[in-house]
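Colleague: For the sequence shown, position 274 matches number 280 in this note's numbering, and the numbering has no gaps at all.
I am attaching a structure below and will ask some questions about it afterwards.
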Amino acid sequence: MYKARLYRGLIAALAVGAVAAAIPSRAQQPATGQVSPAPPSAQPGAGQAPPSWAQGRPETPDAANLAPVAPPPIATPVDRLPLAKLKLPKGFNLEVYAAGLTNARSLRVDDKGNIYVSTRLLDRVYAITDNNGKKQVKTIATGLNSPNGIALHNGTLYIAEINKISKIDNIAGVLDNPPKPTAIYDDLPSDAPHGWKFLTVGPDNKLYFNIGAPCNICMPDDRHAQIRRINLDGSGAEVVARGIRQIVGMDWHPLMKVLYFTENQRDWLSEDQPNDKLNRLLHPGQDNFGFPY
Numbered sequence: 007m008y009k010a011r012l013y014r015g016l017i018a019a020l021a022v023g024a025v026a027a028a029i030p031s032r033a034q035q036p037a038t039g040q041v042s043p044a045p046p047s048a049q050p051g052a053g054q055a056p057p058s059w060a061q062g063r064p065e066t067p068d069a070a071n072l073a074p075v076a077p078p079p080i081a082t083p084v085d086r087l088p089l090a091k092l093k094l095p096k097g098f099n100l101e102v103y104a105a106g107l108t109n110a111r112s113l114r115v116d117d118k119g120n121i122y123v124s125t126r127l128l129d130r131v132y133a134i135t136d137n138n139g140k141k142q143v144k145t146i147a148t149g150l151n152s153p154n155g156i157a158l159h160n161g162t163l164y165i166a167e168i169n170k171i172s173k174i175d176n177i178a179g180v181l182d183n184p185p186k187p188t189a190i191y192d193d194l195p196s197d198a199p200h201g202w203k204f205l206t207v208g209p210d211n212k213l214y215f216n217i218g219a220p221c222n223i224c225m226p227d228d229r230h231a232q233i234r235r236i237n238l239d240g241s242g243a244e245v246v247a248r249g250i251r252q253i254v255g256m257d258w259h260p261l262m263k264v265l266y267f268t269e270n271q272r273d274w275l276s277e278d279q280p281n282d283k284l285n286r287l288l289h290p291g292q293d294n295f296g297f298p299y
């Protein structure tokens, strides 16, 4: 079992090296695609709040020129990937597993070896199939609202958009003609800044996902800056952690059954010491991780 898990993990890691390297991304970048400073005529006026990524930016000439970087509009060609510059531990090898997946974000691997790939700045989810060494990229869902988070459980693919959680049953069996995802939970804010989600199935067979704070530094309301969990059918929603600005990845310890997650904390705090953290959830329903204090 552990060998199979390791094998799937290595395949996913190779796919990340190929797919994610093709699309540089910024965790701070708004899901709306707003990635460059507004022209002078469109700069916020007196009393008008700046965009979320600029909140807290120091009022210095150097800082005024800083803004998120836009990713390329299409996937980088394979021959332009700087694979030779990447340093690996002894015994590891890096190669392009699949190419042409614009804005790849999250990966999941099923028991048949199919790899599912989400996007954040686009509206789609991909699948990569392997037929005797021939890789094929298929678009299995479109028209979604920043479908950043995906999870697999008992053959069902779960998709986390900004404003809803949906699913496709028996996904491996319908890759050639997938149905539209079926919504199971939509009691969610619709804020685009930090609205993209990550998704995982816990050892309790519940779906866990984050709801980020739609700001850099603010006092979030009761619907933001938290982790929620729901049953696999979308029922039984509850908050299991608060005080979290935004999660950028989470997973379960295979033996301790504890949820670990990274936290993208406030921006512009320091050039050398960002306040980002790796957290673990020990007391569901009680833990508060401190944002915005």
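Note that CB positions come from ideal geometry on N, CA and C, so glycine has one too.
Compute the beta-carbon to beta-carbon distance between I233 and I250, rounded to the nearest angstrom, for a pair I have assumed lies under 8 Å.
Modeller: Sure, about 6 Å apart at Cβ, within 8 Å.
Colleague: What's the C-alpha gap between Q292 and G218?
Modeller: About 18 Å.
Colleague: Using alpha carbons as the reference points, say which of E65, L213, A69 and E101 lies closest to W258.
Modeller: Among E65, L213, A69 and E101, the Cα nearest to that of W258 belongs to L213.
Colleague: Considering only residues of the stretch 216-283, which uninterrupted beta strand (DSSP E) runs meet the minimum length of 3 residues and lie entirely inside it, listed in chain order?
Modeller: DSSP runs (the beta strand (DSSP E)) wholly in the stretch 216-283: 232-237, 244-248, 253-258 and 265-269.
Colleague: Which residue marks the beginning of the beta strand (DSSP E) containing A69, and which one marks its end?
Modeller: Not the beta strand (DSSP E): A69 falls in the alpha helix (DSSP H), residues P67 to A70.
Colleague: Got a sec, what are the start and stop residues for the beta strand (DSSP E) L205 sits in?
Modeller: Note, L205: beta strand (DSSP E), L205 to V207.
Colleague: In the DSSP assignment, find the beta strand (DSSP E) that holds V115 and state where it starts and stops.
Modeller: Per DSSP, V115 belongs to the beta strand (DSSP E) from A110 to V115.
Colleague: Could you tell me which of R235, R63, A178 and W274 sits nearest to L265, measuring between CA atoms?
Modeller: That would be R235, whose Cα lies nearest to the Cα of L265.
Colleague: On the DSSP bridge list, what partners appear for A157?
Modeller: Beta-bridge pairing links A157 to Y164.
Colleague: Go ahead and pull the three-state DSSP assignment for V84.
Modeller: Here V84 sits in helix by DSSP.
Colleague: From I168 to S124, what distance separates their C-alpha atoms?
Modeller: Each residue's alpha carbon lies about 13 Å from the other.
Colleague: To which residues does DSSP link L287 through a beta bridge?
Modeller: Per DSSP, L265.
Colleague: Do A81 and A105 have their C-beta atoms closer together than 8 Å?
Modeller: Result yes, Cβ atoms of A81 and A105 sit closer than 8 Å.
Colleague: Residues bridged to Q142 by DSSP?
Modeller: Answer is T135.
Colleague: Between the stretch 168-184 and the stretch 192-204, can you find at least three pairs of beta-carbon atoms closer than 8 Å?
Modeller: Yes, the stretch 192-204 is in contact with the stretch 168-184.
Colleague: Tell whether a beta-carbon distance below 8 Å holds between G155 and S112.
Modeller: Yes, they are a contact pair.
Colleague: Can you tell which of D193, V254 and P290 has its C-alpha closest to the C-alpha of S248?
Modeller: The sequence given here places Arg at residue 248; Ser does not occur at that position. Closest option to R248, Cα to Cα, is P290.
Colleague: Going by DSSP, which residues form a beta bridge with T188?
Modeller: The partner list for T188 (beta bridge, DSSP) reads K173.
Colleague: On the DSSP letters alone, give me the boundaries of the beta strand (DSSP E) that Y122 sits inside.
Modeller: I121 to T125 is the extent of the beta strand (DSSP E) around Y122.
Colleague: So, helix, strand or coil for L89, using DSSP?
Modeller: L89 falls in the helix class under three-state DSSP.
Colleague: Could you check the C-alpha separation between W59 and N137 for me, to the nearest Å?
Modeller: So the two alpha carbons sit approximately 43 Å from each other.
Colleague: N151 to H159, Cα distance in whole Å?
Modeller: Their backbone Cα atoms lie some 22 Å apart in a straight line.
Colleague: Tell me whether the beta-carbon of L181 lies closer than 8 Å to the beta-carbon of K140.
Modeller: No, Cβ-Cβ distance for L181 and K140 is not below 8 Å.
Colleague: Assuming contact is defined by CB atoms lying nearer than 8 Å, are L94 and L87 in contact in what I supplied?
Modeller: No, Cβ-Cβ distance for L94 and L87 is not below 8 Å.
Colleague: Apart from the five residues just before and just after L275, which ones in its own chain have a Cβ nearer than 6 Å to its Cβ?
Modeller: Excluding residues within five positions, the ones whose Cβ falls inside 6 Å are N281.
Colleague: Secondary structure at A60, three-state DSSP: helix, strand or coil?
Modeller: Residue state, collapsed to three classes: helix.
Colleague: Who pairs with A147 in a beta bridge, going by DSSP?
Modeller: Per DSSP, V131.
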